[in-house]
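Some notes on the structure that comes next.
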């Protein structure tokens, strides 16, 4: 009886797992001539790499199209970075590409990737070693070719943004034999002089043209430099090892000058705005202080002895006037009461009664007679009238 029988899918899956666990197969560079190149409507590119000994199918998926910087066609000699794996449905292995380079640049690119990885492992790209670029500088060191667009752009922009900044050029070779050593020497020389910022760069070009900025000697010179350094190599799409090591990367030499040199017109505008704001703030503060002084002067005037005395005098005068008015009111009231009492008294006056025809009768010793019971027959009585008195004898008491 047959044992350990596997399905086709299990075998293909097992073989695929073997490829997956092989480190070399997961990151491999393969070079060859392109044939059977087909651009699928989905965006994928299918191709075959071949040489005099054999052929290998490959695919570049649409999501990795950024890894192809040229239009690949049959007959091109290329270097492909990718991984080898099994397509389980067909049981065939193929190359899954991530980057595709022309063969001439491929070897350089491989060297570039290896050195980049080594320097990154050493920590030379680490953020903690990056120095800040000073906002205001007096001297600007430049390491580049003495002729060409790069130095002209940097000088023009520096002069336009701040004519008081002094550019110091170290004329260096930026391409070809001895270029890396020349660039490194320029960085060290300007660092020793003591400029405020150093720009290291050149215009764009091919990978071979820019290769000096991928050399380890240049990377170490930038890393060991005590002066803040801006890397400005090539155009926006070019990235060199110098860009990773530098304190700041600029996409172009022109951009590097703008990052290094503060625009004095912007500074003057900012200072003018701050001066206006300061003047406004000072005027507002002075006005507040003047208002406080006026308030203090008013309070001091109110609290001064003279003001207090005047206030007391006014209070006494007010009280005196109130007392006078009160006394007049009381006198008026008393006069009115007195008049009432006088009228009442007058109404009760004997003389007033006598003038109205009444008489006052008194007995012996002048005692008033108010009732007939107080007199007796034969008693002498005095009758007082308004103009005199009469003595009478009582004849009869009824």
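Residue numbers (the numbering used here): 950 to 1347. Backbone N, C-alpha and C fix where the C-beta goes; we use that ideal spot for every residue, glycine too.
Nearest neighbour of residue i, chosen from the options [CA to CA]
i            : options                : result
residue 1158 : 1290, 1073, 1126, 969  : 1126
residue 1321 : 1264, 994, 1343, 1241  : 1343
residue 1101 : 1204, 1318, 1037       : 1204
residue 995  : 1030, 961, 1037, 1043  : 1043
residue 1046 : 1023, 1027, 1093       : 1027
residue 1340 : 1319, 1323, 1313       : 1313
residue 1160 : 1065, 976, 1269, 977   : 1065
residue 1143 : 1172, 1192, 1086, 1169 : 1086
residue 1189 : 1284, 1063, 999        : 1063
residue 1173 : 1036, 1194, 1153       : 1194
residue 998  : 992, 1014, 988, 981    : 981
residue 1041 : 1059, 1153, 965, 1220  : 965
residue 1078 : 1317, 1315, 1178       : 1178
Anticipated Cβ contact below 8 Å, residue i with residue j, distance rounded
i            : j            : result
residue 1147 : residue 1090 : 4 Å
residue 1151 : residue 1075 : Actually they are not in contact, since the Cβ atoms of residue 1151 and residue 1075 sit about 26 Å apart, beyond 8 Å.
residue 1022 : residue 983  : 7 Å
residue 1083 : residue 1145 : 6 Å
residue 961  : residue 1035 : 6 Å
residue 1138 : residue 1119 : 6 Å
residue 1014 : residue 992  : 7 Å
Cα-Cα separation between residue i and residue j, rounded to whole angstroms
i            : j            : result
residue 969  : residue 1121 : 48 Å
residue 1257 : residue 1235 : 31 Å
residue 1004 : residue 1149 : 45 Å
residue 1095 : residue 1232 : 54 Å
residue 1253 : residue 1274 : 31 Å
residue 963  : residue 1031 : 21 Å
residue 1294 : residue 1325 : 33 Å
residue 1124 : residue 1132 : 10 Å
residue 1103 : residue 1198 : 15 Å
residue 1051 : residue 1057 : 11 Å
residue 1218 : residue 1169 : 40 Å
residue 1260 : residue 1285 : 37 Å
residue 1088 : residue 1175 : 15 Å
residue 1264 : residue 1296 : 47 Å
residue 1025 : residue 1196 : 39 Å
residue 1224 : residue 1239 : 22 Å
residue 1037 : residue 1049 : 24 Å
residue 1183 : residue 1092 : 14 Å
residue 1319 : residue 1347 : 14 Å
residue 1227 : residue 1237 : 15 Å
residue 985  : residue 1201 : 39 Å
residue 1206 : residue 1129 : 22 Å
residue 1251 : residue 1216 : 52 Å
residue 1116 : residue 1060 : 34 Å
residue 1267 : residue 1230 : 48 Å
Buried versus exposed call for residue i [16 or more other C-beta atoms within 10 Å across all chains shown]
i            : result
residue 1180 : buried
residue 973  : exposed
residue 950  : Summary for residue 950: the model assigns pLDDT 48, below 50, so the residue's position carries little reliability, and this model does not support an answer.
residue 1164 : buried
residue 1287 : exposed
residue 1081 : exposed
residue 1155 : exposed
residue 1345 : exposed
residue 990  : exposed
residue 1247 : exposed
residue 1166 : exposed
residue 1272 : exposed
residue 1136 : buried
residue 1192 : buried
residue 1336 : exposed
residue 1171 : buried
residue 1002 : exposed
residue 1281 : exposed
Hey, is the region 1202 to 1214 in contact with the region 1105 to 1121, meaning 3+ C-beta pairs nearer than 8 Å?
At 8 Å Cβ cutoff, the stretches touch.
Is it a yes or a no for the region 1002 to 1017 touching the region 951 to 960, going by three-plus beta-carbon pairs under 8 Å?
no
Would you call the region 1012 to 1023 and the region 1064 to 1073 in contact, with 3 or more CB pairs under 8 Å?
no
Touching or not, the region 1328 to 1339 and the region 1306 to 1314, by the rule of three or more beta carbon pairs under 8 Å?
Per the Cβ contact rule, the region 1328 to 1339 is in contact with the region 1306 to 1314 (3 or more Cβ pairs under 8 Å).
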